Amino acid sequence: MTSLPRIVVAAPATGQGKTTIATGLMASLTRTGHVVSGHKVGPDYIDPGYHALACRRPGRNLDPHLVGEERIVPLLLHGARGADVAVVEGVMGLYDGRIGTQGYASTAHVAALTRTPVVLVVDISRASRSVGAVVHGMATFDPSVEIAGVILNKAGSPRHAAEVADSISLPVLGTLGRDQAVSAPSRHLGLVPAAERGEAAHALDALADLVAEAIDLEAVLKLASTAPDLESEPWDPEREVVVSRRVWRPSSTTDAERPVVAMAGGRAFTFRYTETEELLRAAGCEVTTFDPLEDTALPPGTSGIYLGGGFPEVHAPGLSENAPLRAELHAAIEAGVPTVAECAGLLYLCRSVDDAVMVGSLPATARMTPRLTLSYPSVTAPADSLLTREGETVTGHEFHRTHVEPRAGAVPAWSVDDVPVGFAGPSLHASYLHVHWAGHPQLAQRFADAAHAFLGGRAASEASDQSRPRTRPVVSTDRSLALAARPPTVSDPLRHHGDAEVRDAGLLDFAVNVYPGPRPLWLEQTLRDSLDAVGDYPSPAAAEDAVAARHGRPRAEVIATAGAAEAFTLVARARPWRRPVVVHPQFTEPHAALEQAGHPVTEVVLAHPFGLDPTAVPNDADLVVLGNPTNPTGVLHPVETLRRLARPGRLVVVDEAFMDTVPGETETVIGTPGFLVIRSLTKHWSIPGIRAGYAVGPADVIADLRREQSPWSVSTTAAAAIRACASDAARAESERRAEAVAGWRSELVDALDGLGIPTVASSTSFVLARLGEGGHAALRRAGIAVRRADTFPGLDGSWVRIAVRPGEQTQRLLTAVKSWLDGLSAGPPDALG
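In the numbering used here, each number is its position in the sequence shown, counted from 1, plus 1.
Take a look at the structure:
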C-alpha cells in the first residue's frame with residue numbers, strides 16, 4: 002500500500018481556467034515548501050511543461066487510451082516518487098472522453114481509477130445560482146467520482162461570488178476575480194509551450210501569489226489527504242525493458258559502451274513524454290538532447306535519433322537556416338542510424354515545410370492547412386519495421402494543422418482504418434502519430450536494440466578496418482553482372498535466411514545448408530506413401546513415439562513440430578519470460594520469435610572465436626537460447642560447458658538443428674534436466690520443403706508448448722518423415738552423411754587456409770570465413786551465393802557462411818575466391834577507380 006495525498010483539478014467544460022488554477026496550485030504549494038508532483042490527464046504535452054516549471058520536476062501524463070487502464074496508478078506513483086502531494090490537471094470537461102466510449106480516458110475515468118478526490122473549477126462569469134445546479138449535476142452524475150470541493154473563477158464581485166457559493170452544497174475552496182485572471186498565450190495548436198516563453202518563470206511567480214491569496218491551500222491539502230492509499234507498485238522502466246545489445250565477453254562482465262540517442266529539444270521540439278527517455282536509459286542508452294535550431298552537429302557518437310513533436314512549421318526558417326545540421330542528419334539517416342520521427346519530426350525529415358527546405362530524408366513535402374487534425378486512433382503495423390512487427394496494434398493520438406504529401410511511403414508506418422500512413426523501414430519510422438512508449442514498451446526496446454546494434458556494428462567495423470589492410474574494391478563494368486551481384490534486400494535482419502540468397506538468382510548454392518546428396522530410398526518411399534493418408538487429419542502420435550524411443554525419453558517429454566521455427570515460436574509464447582537471453586552469433590529465428598511475442602531480449606554476444614563462457618550469461622536470465630553446433634559459426638560447445646548454464650528456475654533451450662551432422666552426436670544434451678533441445682530434420686535429410694522437427698525436454702515445458710501449438714500444425718507428410726528419420730536405418734544413414742560432411746569441410750577449410758582466409762573451427766555442414774568487405778558481392782558476380790553474415794548480431798560484412806559441398810563444386814568456389822583476392826591485390830583499372 003502506498004500513501005499519496007492527491008487531488009484532481011477538473012472543470013465542467015474546457016476554457017474554465019483549470020490549467021491556470023492547477024498550475025498555480027502546483028507553484029504555490031511548491032513555494033511553501035511542499036514537494037509537488039504535477040500530472041495531466043490526456044495526451045497533452047504543453048500543460049506538463051508548465052507543470053514542470055511550477056513543480057521543478059518533470060510533468061507527467063495519465064492517459065488510459067495511450068497506456069492502458071492498468072498502468073495509470075503505477076505511472077501516477079512513479080511520477081510522484083518523493084513527493085508529498087500530487088496535483089492532477091484534468092482534460093476538457095470532467096466527463097468528456099474518447100468519443101463513442103462513454104467517457105473512456107476522461108478526467109472522471111482517471112479520477113475513478115486513481116480514487117482521487119476532485120476539485121471542480123467553475124467559470125461563474127455568466128451565471129450565479131445556476132452554477133449550483135451545474136455543480137450538483139456534476140457531483141451526482143457518476144457515483145464512482147468524488148467531487149470534494151469547488152473553486153470559483155472569474156467572479157464579478159464579492160457579492161456575486163457569495164450568491165454562487167450559497168447555491169453550492171460542497172466546500173468552496175477559493176474564489177478568483179474576473180480581473181485576476183492569469184493566462185498563457187495561445188498558438189494554433191493551443192497554448193504556447195513553456196520552453197518558448199521567456200517570461201514563464203515571472204508569470205509563475207505572479208500566479209503563485211494569486212493562488213496563495215485567493216485559495217485556501219490548507220483546505221486543499223486537507224482534502225488531498227483524504228485520498229485512500231493505493232495498492233499498486235510504482236511503474237519502473239527497469240522492469241519494462243532490459244539493457245539490449247549488451248556485449249558480454251568471456252574476459253569481462255562489464256557492459257559495453259552505451260549508445261548515444263540524440264533527442265531533439267529546444268524551442269522547436271518540446272513534445273515528448275518523460276517516460277520515453279526513462280525507458281531508453283533503462284535499456285542501456287545514453288540520451289543526449291540537441292537543439293536543431295542552435296546545434297550545428299549531432300552529439301558525438303550518435304547511434305540513434307529521436308525527433309519528437311513540437312512546432313517545426315513555426316520555426317521552419319530557423320531550422321532551414323541550420324544547413325550543417327540538416328546535412329549531418331540526412332547523412333546519418335542514409336547511413337542507417339536508427340531514427341524515430343513523430344509529427345514535428347516527420348515534418349522536419351520532409352523535403353520542405355511550406356517554402357522552407359528541411360532535411361529531405363523523406364520523399365514528401367508538408368504544408369500548413371486551416372484544418373485541425375485531432376484524433377485518438379488505434380492503428381495497426383502493416384509490416385515489420387524499426388519499431389513494429391506486422392499486425393501489431395498500437396494506440397496513439399494526432400494533433401496537427403499540416404498535411405504531408407504523399408501520406409505514406411512504399412512501406413507505411415501504420416494502417417489507420419485500412420489507410421496507409423507514414424514512412425517505415427528497418428532503420429526509420431516516421432508518422433504523425435504520437436505514441437506513449439510507457440504503454441507500448443516493446444517500441445522502446447526495439448529502438449534501443451537498434452541503437453545498440455548500430456553502435457556494435459560501428460565498433461566492429463572500426464576494429465575490422467584497423468586490423469585489415471585497406472584495399473580498393475573490384476569494380477565491374479558489366480551492368481548485368483552488377484545487378485546479379487546485388488544481395489537480397491534485408492527488411493529485418495532477424496528474419497533473413499539463407500534461401501533468400503539464392504531465390505530467383507540462378508547462382509551456385511553455397512548459402513543453404515541442405516545436404517547436397519539424394520534422399521535415401523526408404524525416406525523417399527515414406528514421403529510418397531504418406532500421400533495416401535492425406536484424406537485424414539494428421540496426427541503426430543506415432544512420430545512422437547518414434548522420437549521418444551530414439552532418444553530413450555518418455556513420450557511426455559517429446560513434441561513434434563513443423564520444423565524448428567515453430568518450436569521457437571512455441572517457446573516464446575509458452576511463458577511470461579522475465580529476462581530471455583539469446584546467445585549470439587546464432588540462428589536469429591529464436592530472437593525474432595521472442596520479440597514477436599513481446600519479450601525484450603538480452604543478447605549475449607560472444608567474441609571471436611565464439612566459444613561459450615557460461616558466466617557471461619546474466620544470472621537473472623530465466624530463459625537462455627543458444628545453438629550447438631551453432632549457426633553460423635559451426636562451433637560445438639562441450640556438454641560440460643552447457644551444463645554450467647543450468648540454474649533453478651531457468652530453462653536452457655539448445656538448438657541442435659545441426660547435431661545430426663556431428664559424428665556420434667557427442668555433445669547432445671537431450672535428457673539433461675533443465676534443458677529443452679530443438680531439432681530440425683529439413684537440412685540433413687534434404688527435405689526443406691517439409692517442415693519437420695521436434696523438441697525434447699522436461700514434461701512440464703513440453704506441456705506448455707503443446708498448449709500453444711495450433712491443431713494439425715504438423716502435416717501428415719512431416720509426421721511420416723519424423724517417424725522414418727528416427728528409425729535404426731536412419732541412424733546408420735545419418736552417421737554416413739555426417740562423415741561425408743566432415744570430409745568436405747576439411748577440404749574446404751584447408752583450401753581457404755591456403756589462400757590466407759581465416760575461418761572459425763566448425764563441426765557441422767558450413768564454415769564461417771572472413772573474406773573481407775565486398776567478398777559476398779564479389780562471389781555473387783562470379784555466380785556463387787554464400788550466406789551474408791552481417792545480419793547475425795555480433796558479425797559484420799567481412800564474414801560469410803559457406804555451406805560445405807563435394808569437391809567439384811568446392812573448386813568452383815575456391816577459383817572465385819582466388820580471383821577476388823587477386824583483384825584486391827592488383828586493384829581496379831585506373832579508369833574505373
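Cβ atoms here follow ideal geometry from the backbone N, Cα and C, with glycine treated the same way.
All figures in this text were calculated on a predicted structure; none of them were measured in a lab.
Where lysine 155 is concerned, the enclosing beta strand (DSSP E) starts and stops at 148-156. It is roughly 23 Å from the alpha-carbon of aspartate 533 to the alpha-carbon of alanine 730. Taking C-beta atoms as the reference points, alanine 725 and threonine 527 count as a pair closer than 8 Å. For lysine 41, the three-state secondary structure derived from DSSP is strand. Within 10 angstroms of the beta-carbon of isoleucine 100 lie fewer than 16 other beta-carbons, which makes it exposed. In the DSSP assignment, tryptophan 800 falls within the unbroken beta strand (DSSP E) covering 800-804. Sequence-distant Cβ neighbours of glutamate 734 in its own chain, meaning closer than 7 Å and more than five residues away, are Pro521. Of the candidates Leu63, Gly34 and Ala23, the residue whose Cα lies closest to the Cα of tyrosine 51 is Ala23. The residues Ala209, in chain order, have a CB closer than 6 Å to that of arginine 32 in the same chain once the five nearest residues on each side in sequence are set aside. Secondary structure at isoleucine 216: strand, using DSSP grouped into helix, strand and coil. Of His600, Ala693, Val602 and Phe569, the smallest CA-CA separation from valine 655 is found for Phe569. Assignment of beta-bridge partners to aspartate 510 by DSSP yields Ala786. In this model, leucine 222 and alanine 283 are separated by some 34 Å (Cα to Cα).
Residue environment for serine 4: exposed (fewer than 16 other C-beta atoms within 10 angstroms of its C-beta). Counting only the Cα atoms, alanine 220 lies some 10 Å from serine 226. Scanning its chain for C-beta atoms nearer than 6 Å, with the 5 sequence neighbours on each side dropped, one finds around threonine 115 the residues Val74 and Leu77, in chain order. Listed in chain order, the alpha helix (DSSP H) elements of length 4 or more contained wholly in the region 659-715 are 700-709. The region 439-455 makes contact with the region 302-321, as at least three CB pairs between them are under 8 Å. Between tryptophan 438 and the set Ala414, Tyr695 and Thr396, the nearest pair of CA atoms involves Thr396. Taking C-beta separations shorter than 7 Å and ignoring five residues to either side along the sequence, the partners of valine 513 in its chain run Gly499, Asp500, Val503 and Ala804, following chain order. For alanine 594, no beta strand (DSSP E) run applies; the uninterrupted alpha helix (DSSP H) run containing it begins and ends at 590-597, by DSSP.
Annotation: the continuous beta strand (DSSP E) that includes glutamate 406 extends over 399-406. For a cut-off of 8 Å, the C-beta gap from alanine 215 to leucine 171 is around 17 Å, too long to register as a contact. Shown here for alanine 53: same chain residues with a beta carbon closer than 6 Å to its own, the five before and five after excluded, namely Pro59 and Gly60 in chain order. Contact check for cysteine 56 against serine 38 passes: the beta carbons are separated by less than 8 Å. The alpha-carbon separation between serine 432 and histidine 592 amounts to approximately 27 Å.
Per DSSP, the unbroken alpha helix (DSSP H) holding tyrosine 349 starts and ends at 345-350. Judged by DSSP in its simplified three-state form, isoleucine 306 adopts strand.
Per DSSP, arginine 130 has no beta bridge partner at all.
DSSP places proline 421 within a strand segment (E or B) once states are collapsed to three. In this structure the region 40-48 does not touch the region 123-137; the number of beta carbon pairs closer than 8 Å is below three.
In the three-state reduction of the DSSP assignment, serine 379 falls in the strand class, which pools E and B.
When secondary structure is reduced to three states using DSSP, tryptophan 745 falls in the helix class. When DSSP states are grouped into helix, strand and coil, glutamate 393 belongs to the coil group. In the three-state reduction of the DSSP assignment, proline 581 falls in the strand class, which pools E and B.
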